[in-house]
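Just so you know, we're using this note's numbering here: the sequence shown kicks off at 116 and counts up by one.
All C-beta atoms in this analysis are idealised placements derived from N, C-alpha and C, irrespective of residue type, glycine included.
Just so we're clear, the structure is a prediction, and the values are computed from it rather than from any experiment.
For reference, the structure discussed in these notes is given below.
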Amino acid sequence: QAPADGSEKYIMVIGGLGYIGSHTTLELLREGHNVIVVDNLSNSYKTVLKNVRMLAAHHCKVNNVPMPRLRFFRIDYRSKAMHVLLERYSKPVMTVDATSGRQVVSYQSQIAGVIHFAAYKSVVESIQQPLRYYRNNVCGLVNLLQELERFNIRNFIFSSSATVYGSKANAGLPLKEEDLVHHQVKTQNEAGETTIVEPTIEGLSCPYARTKYFGEAILADVAEADADWRIVALRYFNPVGCDPSGVLGESPRGEPTNLFPVLTQVLKGDRPELSVFGSDWPTRDGTAIRDFIHVLDVARGHIAALNWNTKKGNGFSTFNLGSGTGTTVLEAVRSLEQAAGREIPLALVDRRPGDVGSCVASTDRAAKELGWTTRESITKCAADLWNYVSKVSLRS
Ligand code: NAD
Ligand code: WQD
């Protein structure tokens, strides 16, 4: 690695040691970006950094390319330390204000873009501790945007979620980005009839879902007020799987509630069975339908958003990151059974409060504008996850 001379550009990844953040950091390094990771390890472990570095170094060696820089800061992104960090990677530039004639300081940052993953994400916890969720996911975001403005960093990618569609998913149709808007949208047809779509947060079943909706709405307002911002909100559907190496996976602190992490526990013998929430949904086998998407495809979606060369200029844009294919809970279980070569014990129980029966992405906008579609199938997700689980069992 050449010594740093203060001119290198970085992508800052906040929450970069978490499940999606770590896979995206790895993909950024594989694509040759220097990365600054910020994470307070509230839901991740420092060992993830070592694994990301090792996988990236292996990729660079095999492809005979230099290893980009990877810096890690164990920081709560809401703390003062974040200001100090941003200042460290920025150069002050003195300019004269045209109207007042006064000298003002502006900044040129080495941070070319920020990808913001850091948030709390448990639906159940958000109902029990709403203020903790609003503080991290919403107040934190507002303060972060203000800091970024101060340092002239206006290229921002936000982790949103299919959860923002709420009960709209129940219609059973692929969810389109325009199904959810933050500002009133008026359209007129050829006959001069006006249709008005009002912003709505109806049908968002928990505080977590509302934090993501409010996050998007704040970003839409910020981009509307200042045309220099380029903000992309990526609405992930159900990210699963892991890097095929089996070295990097999903290793949260605390009790998981999502389907694949729970299935992982059953496979490892940490849980006796999977409780299937609801077998009376109007679907082909009675269990709920989700759009499972390989986490590496999600990671690639972030690279596509960074590289996106929109002709429309800056502003606020939303994209679904989904496969467009619906898989039932039982089909997902079967794919993991096949990968593991053994049966997974099940108990059919009542529906989980707040769940929707079906949630599948329309993929048109991301395909057309970002040139991004998923590459991997649910079978590959299951195979990679099983590879990770079996390697973890071998290690322990
Ligand atoms: P994760 O919990 O694995 O990762 C989040 C990371 O952020 C963790 O490493 C955590 O330690 C860190 N973090 C949290 N608060 C922080 C703070 N105040 N300061 C610094 N670091 C902090 O979650 P994930 O599954 O990787 O999700 C990433 C993002 O994507 C989240 O915003 C989540 O809401 C969103 N999302 C996730 C899913 C999913 O199914 N995993 C689906 C849709 C959207
Ligand atoms: C998938 C299906 C469950 C566990 C949630 C959030 C969403 C997003 C992803 C962040 C459902 C069923 C699950 C179990 C089960 N996160 N299931 N037994 O509910 O689609 O979305 O996580 O943004 O916002 O709402 O994902 O993985 O929890 O559930 O039967 O032990 O699996 O009922 O039908 P979900 P999930």
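Exposed or buried, which one is residue i when buried takes at least 16 other CB atoms within 10 Å?
i: Gln-225; result: buried
i: Arg-350; result: buried
i: Pro-387; result: exposed
i: Ser-237; result: buried
i: Cys-254; result: exposed
i: Ile-311; result: exposed
i: His-417; result: buried
i: Thr-425; result: exposed
i: Ser-275; result: buried
i: Asn-304; result: exposed
i: Thr-326; result: buried
i: Val-385; result: For clarity, residue 385 is Asp in the given sequence; the question names Val instead. Exposed, because fewer than 16 other Cβ atoms sit within 10 Å of the Cβ of Asp-385.
i: Met-209; result: exposed
i: Val-391; result: buried
i: Leu-427; result: Residue 427 is actually Lys in this sequence, not Leu. Answer is exposed; the Cβ neighbour count stays below 16.
i: Arg-457; result: exposed
i: Glu-313; result: exposed
i: Glu-308; result: exposed
i: Pro-181; result: exposed
i: Ala-338; result: buried
i: Leu-246; result: exposed
i: Val-279; result: buried
i: Ser-194; result: exposed
i: Asn-353; result: buried
i: Glu-331; result: buried
i: Ser-306; result: According to the sequence as given, residue 306 is Ala; it is not Ser. Exposed, by the Cβ-count rule.
Whose CA, out of the options, lies closest to the CA of residue i?
i: Val-167; options: Gly-416, Ser-137, Asn-158 and Asn-155; result: Ser-137
i: Ala-171; options: Glu-142, Asp-191 and Pro-376; result: Glu-142
i: Leu-334; options: His-231, Ser-122 and Ser-505; result: His-231
i: Arg-186; options: Asp-212, His-198 and Ala-119; result: Ala-119
i: Thr-140; options: Cys-321, Asn-179, Met-209 and Lys-165; result: Lys-165
i: Ser-477; options: Glu-313, Ser-320, Pro-289 and Ala-403; result: Pro-289
i: Ala-340; options: Thr-440, Phe-431, Arg-466 and Pro-460; result: Phe-431
i: Glu-292; options: Val-448, Ala-277, Ala-324 and Ala-306; result: Ala-277
i: Pro-460; options: Tyr-134, Thr-302 and Lys-383; result: Lys-383
i: Thr-402; options: Glu-331, Leu-363, Leu-445 and Lys-176; result: Leu-445
i: Glu-123; options: Ala-481, Pro-183, Ala-462 and Thr-162; result: Pro-183
i: Gly-437; options: Val-355, Ser-360, Lys-176 and Met-169; result: Val-355
i: Gly-364; options: Ser-215, Ser-505 and Ala-286; result: Ser-505
i: Asp-191; options: Asn-353, Ala-462, Val-507 and Asn-258; result: Asn-258
i: Val-507; options: Ala-462, Asp-479 and Gln-380; result: Gln-380
i: Leu-463; options: Ser-394, Asn-502, Ala-419 and Thr-315; result: Ser-394
i: Glu-484; options: Arg-250, Ser-215, Trp-501 and Thr-433; result: Thr-433
i: Ala-227; options: Ala-234, Leu-201 and Ser-159; result: Leu-201
i: Val-150; options: Thr-162, Ile-126, Val-163 and Tyr-134; result: Ile-126
i: Pro-468; options: Gln-218, Ser-320 and Ala-481; result: Ser-320
i: Ala-234; options: Arg-250, Val-219, Val-199 and Gln-223; result: Arg-250
i: Asp-465; options: Leu-421, Arg-189 and Leu-389; result: Leu-389
i: Ala-447; options: Ala-420, Ala-481, Gly-121 and Val-377; result: Val-377
Could you name the residues that DSSP lists as bridge partners for residue i?
i: Ile-126; result: Val-150 and Gly-228
i: Glu-189; result: According to the sequence shown, residue 189 is Arg rather than Glu. Partner(s): Asp-154.
i: Val-208; result: Ser-221
i: His-516; result: This structure does not reach residue 516, given that the chain is present from 116 up to 511, and the question cannot be answered.
i: Lys-301; result: Ile-311
i: Phe-273; result: His-231 and Ala-348
i: Ala-354; result: Looking at the sequence shown, residue 354 is not Ala but Pro. Per DSSP, Ile-408.
i: Thr-442; result: Arg-405
i: Ala-476; result: Leu-290
i: Thr-433; result: Ala-348
i: Ser-390; result: Ala-462
Answer yes or no: the CB of residue i versus the heavy atoms of the ligand FAD, is any distance below 8 Å?
i: Ser-282; result: No copy of the ligand FAD occurs in the structure displayed; its ligands are the ligand NAD and the ligand WQD alone.
Are at least three pairs of beta-carbons, each pair with one atom in the stretch 472-484 and one in the stretch 385-402, less than 8 Å apart?
yes
Are the stretch 477-497 and the stretch 412-422 in contact at 8 Å, needing three or more beta carbon pairs?
yes
Check whether the stretch 140-155 touches the stretch 364-371, taking contact to mean three or more Cβ pairs, one atom from each stretch, closer than 8 Å.
no
Are the stretch 261-281 and the stretch 200-207 touching by the rule of at least three beta carbon pairs closer than 8 Å?
yes
Pairing CB atoms from the stretch 293-304 with CB atoms from the stretch 244-264, are three or more of them under 8 Å?
no
Sufficient close CB pairs (3 or more, under 8 Å) joining the stretch 268-282 to the stretch 344-359
yes
Can at least three beta-carbon pairs, one atom from the stretch 122-137 and one from the stretch 150-162, be found at a separation below 8 Å?
yes
Any chance the stretch 493-503 sits against the stretch 452-461, with 3 or more Cβ pairs inside 8 Å?
yes
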